Amino acid sequence: MRPDELHERHRAVLPAWLSLYYEKPIELVRGEGFRVWDSEGNEYLDFFGGIVTTISGHAVPEIVEAVKEQAQRILHSSTLYLIESQVRLAEKLISLSPISGEQKVFFVGSGSEANEAALLFATQYRGSSEVIALRGSYHGGSFGTMGITGQSSWRPTPRTALDVSYALPPHRSYSPLYARYDDPEELARACAEDVRSLIQTSTTGRVAAFIAEPIQGVGGFIELPPAYLSRVKEILDEHGVLFVSDEVQTAFGRTGSHFWGIEHSGVEPDLITMAKGLGNGLAIGAVMGRAEIIDALSPKLHISTFGGNPISTAGALANLEYILENDLQKNADEVGGYLKERLLALAREHRCVGEVRGRGLMLAIELVRDGAPDPRAATAFMEACRERGVLVGKGGLAGNAIRISPPLTVTREAAGEAARVFDEALSSVE
Ligand code: PLP
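For the sequence shown, the positions run 1 to 430 when UniProt numbering is used.
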């Protein structure tokens, strides 16, 4: 089917608010490694990775084989029966966990469900429905997770079963404190103290959990500084509040040098939620964390029909093995470091670049005009990149952040090629 006809039929039967990238949306029909092809035969460097998901690349033979082999045996049995790949995947994740002591893993089908489950466990364990989230955060599209998402554009409903307070992340996009502190460390400390103040003034004092993404993903790849996270953790410990690290975008080596995003801060969370890169595109999510919290659920009735099903766990296991055997975390560090240098050089040359930020292969370029966010430039930049064969994403509170998150297998040559395209695209929007 021609793309324009497919687009018309898409509009007729799918929700009107389901937005598509690009003025003439594309249909991706094939992928290999960090490259994808559309239905008209155009080839692209996939520098968004299916919304920060395709971590090992497209059509990885080892993952395809594991899925195929499992599909030929049994597609589904449900969590009421033993599933070997589910147990092996849980064991593997625990062996890689930054959390100490006895741990458990609960599998679900997506990131939203993982956060729902984590909040359920935390609120039950603590006997409190109070939660602290961050402004600018994104935690999912279900009722509960929309309720803790700190961006009103992603939150059509004002009410949630949880009592949520929003703290200030130490970044100029969100923090009014920004103008007062030149020193990032001081800003981090001031924002951390805001969490203490929030607990003392806006809650009953018995808060169940603090939830944060080590690098805010949908928020435009805004990193929470290690100094902020470690100070927040001290304050949470003083008040018995659990720390939930939402690693839906930051896990599995995405941020380079560490397997989990939270590890850059040295903070040990109580629970970690994950999805996206866990299955490299298969629908799977999980909550991992302290056994006493996860086991405490009462009544013992929580279930997910698809969570941890044979096909997604077999695929995720093959994916984790691929990541580890090929040391993709190291590649993310090296190629990501090189790409960031190239982006910083572009920022020096192009006035429309407000900021370059991120870690590993989770990098963003913020586009501005006269210092103010410029979402139109971001849309034009994406179009210009697409015309030149590179796909990137968009995000940020004002929609002016370009999100760059290729599969972790990407080469230095491909990153260099993308940087050359970004240079041209920036010139075209200036
Ligand atoms: N948490 C974070 C940090 C995310 O970025 C997302 C999705 O983008 C989610 C949770 C929700 O995941 P899902 O879309 O798989 O439900």
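Glycine residues also receive a C-beta, built at the ideal position from the N, C-alpha and C atoms. None of these values were measured; they are calculated from a predicted model.
Q.
As a quick exercise: from A378, F121, G33, R357, pick the residue whose alpha carbon is nearest that of K340.
A. K340 has its Cα closest to that of R357, out of A378, F121, G33, R357.
**Q.** Euclidean distance between Cα positions of S85 and H171
**A.** 41 angstroms
Q | Rounded C-alpha distance that separates I94 from R11 | A | 43 angstroms
Q: Output yes or no for whether 7 angstroms exceeds the beta carbon distance between residue 435 and V131.
A: Only positions 1 to 430 of the chain appear in the structure, and residue 435 is not among them; the question remains open.
Q.
So if DSSP puts V67 in a beta bridge, which residue, or which two residues, is it bridged to?
A. In the DSSP output, where bridge partners are listed per residue, V67 has none listed.
Q | Nearest candidate by alpha-carbon position, reference A378, set A117, V392, R9 | A | Ranking A117, V392, R9 by Cα distance to A378 puts V392 first.
**Q.** Cβ contact check for the stretch 6-24 and the stretch 281-297: 3 or more pairs under 8 angstroms
**A.** Remark: fewer than three beta-carbon pairs, one from each stretch, lie closer than 8 angstroms, so the stretch 6-24 and the stretch 281-297 are not flagged as touching.
Q: In angstroms with no decimal places, state the Cα-to-Cα distance between A208 and R135.
A: 18 angstroms
Q) Assuming G147 contacts S137 under a Cβ cut-off of 8 angstroms, what Cβ separation, rounded to an integer in Å, is found between them? A) With a Cβ gap of about 11 angstroms, G147 and S137 do not count as contacting.
Q.
Am I right that N319 and T409 are in contact with their C-beta atoms under 8 angstroms? What's the rounded C-beta distance?
A. At roughly 12 angstroms, the Cβ-Cβ gap does not stay under 8 angstroms, so N319 and T409 are not in contact.
Q) Taking buried to mean at least 16 other C-beta atoms within 10 Å of its own C-beta, is T305 buried or exposed? A) exposed
Q.
For a test of your reading of the model: does the CB of V248 fall under 6 angstroms from any non-hydrogen atom of ligand 1? Yes or no.
A. yes
Q | Nearest candidate by alpha-carbon position, reference G127, set R206, Q329, E413 | A | Scanning R206, Q329, E413 for the CA closest to the CA of G127 turns up R206.
Q | Continuous alpha helix (DSSP H) stretch holding E238: start and end | A | 226-239
Q) T273 and D246: beta carbons closer than 7 angstroms? A) yes
Q: Give the straight-line distance between the Cα atoms of M362 and S152, rounded to the nearest whole angstrom.
A: 24 angstroms
Q: Find the nearest neighbour of D4 within the set E40, W17, L346, L18, judged by alpha-carbon distance.
A: Of the candidates E40, W17, L346, L18, E40 places its Cα closest to the Cα of D4.
Q) With G111 and V218 assumed to form a contact (beta carbons below 8 angstroms), what rounded beta-carbon distance in angstroms separates them? A) About 11 angstroms separates the two Cβ atoms, so there is no contact after all.
Q: On a CA-only basis, which of M1, G140, K92 is nearest D38? Give me that one, please.
A: M1
**Q.** Counterpart residues of F243 in DSSP-defined beta bridges
**A.** F210
Q: Tell me where the beta strand (DSSP E) around M382 begins and ends.
A: Unbroken run through M382 is the alpha helix (DSSP H), 375-387; no beta strand (DSSP E).
Q) Hey, quick one: how far does the alpha helix (DSSP H) through Y322 stretch, first residue to last? A) 310-325
Q. Do the stretch 100-114 and the stretch 177-192 make contact, defined as three or more Cβ pairs closer than 8 angstroms?
A. no
Q) Got a sec: does ligand 1 put a non-hydrogen atom nearer than 6 angstroms to the Cβ of V218? A) yes
(Q) So, at 6 angstroms on beta carbons, what are the nonlocal neighbours of G141 in its own chain, with the 5 sequence-adjacent residues on each side left out? (A) Apart from sequence neighbours up to five positions away, the residues of its chain that approach G141 with a beta-carbon distance below 6 angstroms are S112, ordered along the chain.
**Q.** In DSSP terms, what Y338 is bridged to
**A.** DSSP, once it has assigned bridges, lists no residue as partnering Y338.
Q: Out of G396, E69, A118, T123, state which residue places its alpha-carbon closest to the alpha-carbon of I222.
A: G396
Q) Can you check whether the CB of F47 is closer than 7 angstroms to the CB of A418? A) yes
Q: Can you have a look at Q329 and say buried or exposed, based on whether 16 or more other CB atoms are within 10 angstroms of its CB?
A: buried
Q. Hey, would you say the C-beta of H139 is under 6 angstroms away from at least one heavy atom of ligand 1?
A. yes
Q: Would you kindly work out how many angstroms separate the C-alpha atoms of E430 and V353, rounded to a whole number?
A: 10 angstroms
Q | Short Cβ contact (7 angstroms threshold) for I262 with P214 | A | yes
Q) Are the stretch 57-64 and the stretch 334-349 touching, with three or more C-beta to C-beta distances below 8 angstroms? A) Cβ pair count under 8 angstroms is below three, so no.
**Q.** Endpoints, beta strand (DSSP E) assigned at R359
**A.** For R359, the enclosing beta strand (DSSP E) starts and ends at 353-359.
Q | Sufficient close CB pairs (3 or more, under 8 angstroms) joining the stretch 367-377 to the stretch 396-405 | A | yes
Q.
Measuring only the C-alpha atoms, how far is G307 from G285?
A. 7 angstroms
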